[in-house]
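One gets my numbering by counting positions in the sequence shown from 1 and adding 1194 to each. Glycine residues also receive a C-beta, built at the ideal position from the N, C-alpha and C atoms.
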Amino acid sequence: MERAGFPTEPVKIAVACAVSNLLAVTLALVCSAAWGIANIYVQRAGRAVGSLRAMLWAQGIASIGLIVIAASVEGRPSMPALDDLVITAVGSAIGYYAMLVAFSSGALTAVVPIVTAWSVPAAVAGVLWSGDRPSVVQWVGGAMILVGAVGNGVLAVNAPVEQDQGQRTPRSAVLWACAGAVGFGVMAAGTARLRLQLGEVGVVPAIWVAQWALMAPILLFRADLRVPPPRTAWPAILGMGLFEAVGFVSFTVASGYAPVAVVSPPASLSSLLTVLFGWLVLGERLGAARWALVLLAGAGTLVVAAS
């Protein structure tokens, strides 16, 4: 029933949309916190046993746990569109491998903001793949994220002094970080589509299994990858698998409440947490210009989330 001159149906729709977006942003922030912690373990695991080996064992163990949870909570999944699964798995493979290489060879304060700028490629992929229509404000926020993240990485490479436990950030690390951002962007957009067929939990191990199926030739020729890691590396590998899984599932649930263009930026706020860790704990140095660019990327994230 409507009051005279006051249509209630549009108000109900507006309230429902606002609540849905709030839930999406809240879950995206949980995702961000989990991935922020995971980033630290990713660097440690990659340096301890190598990028591919850390990726295989962390995702493999996490997938077993997620499959058990999905089977008990979501039941039998539907058959997904094969092309969606393949494209998403390719994005996942590129994203994770490039991230591990970038994190193991560069300073966290330099490469993490670039990798977590995947929200911009995700928005573009959402437009091309799913017909999403981000607003002008969201595109402006995306541009702020991109300029801040990439600018910070470029300054890190060219800085006269850059410390990361005695190592400088090479240009290759920044390029790998850019590749990781593109890969994760494609993966995020594909995940939002596949969750409808595979479930919000089941979609994660499905993507990881498909990813390794595509990478099967590497497993055949790299016998060392199948050897269990040394005991000293297991805390980093388990931490990587646990927090990657928590973040991934939080993202898939969030994408059920709002488009990828809304969910991705707050989910990528993990960069600020990791930059603070690199600065406070690892002693990585940032000048005023780099801090300004990191904050610009963070401000762009807030602009998109608030829109």
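Asked: CA nearest to the CA of residue 1460, picked from 1431, 1492, 1375 and 1286; Found: 1492
Asked: Residue 1318 to residue 1305 span [Cα, whole Å]; Found: 21 Å
Asked: Member of 1237, 1346, 1240 and 1210 whose CA lies at the smallest distance from the CA of residue 1480; Found: 1346
Asked: CB of residue 1423 within 7 Å of CB of residue 1412, strictly; Found: no
Asked: The region 1273–1282 / the region 1439–1459 touching (three or more Cβ pairs under 8 Å); Found: no
Asked: Own chain partners of residue 1447 with C-beta closer than 7 Å, once the 5 adjacent residues on each side are dropped; Found: 1221 and 1394
Asked: Same chain only: Cβ atoms within 6 Å of residue 1367, ignoring 5 sequence neighbours per side; Found: 1296, 1299, 1300 and 1305
Asked: Run of the alpha helix (DSSP H) containing residue 1290, from where it starts to where it stops; Found: 1276–1299
Asked: Within 7 Å, strictly: CB atoms of residue 1242 and residue 1308; Found: no
Asked: heavy atom of the ligand NAP below 6 Å from residue 1414 C-beta; Found: In the structure shown, the ligand NAP is absent, as is every other ligand, since no ligand is present at all.
Asked: Start and end residues, alpha helix (DSSP H) containing residue 1369; Found: 1365–1392
Asked: Own chain residues within Cβ distance below 6 Å of residue 1256, not counting five before or after; Found: 1435 and 1439
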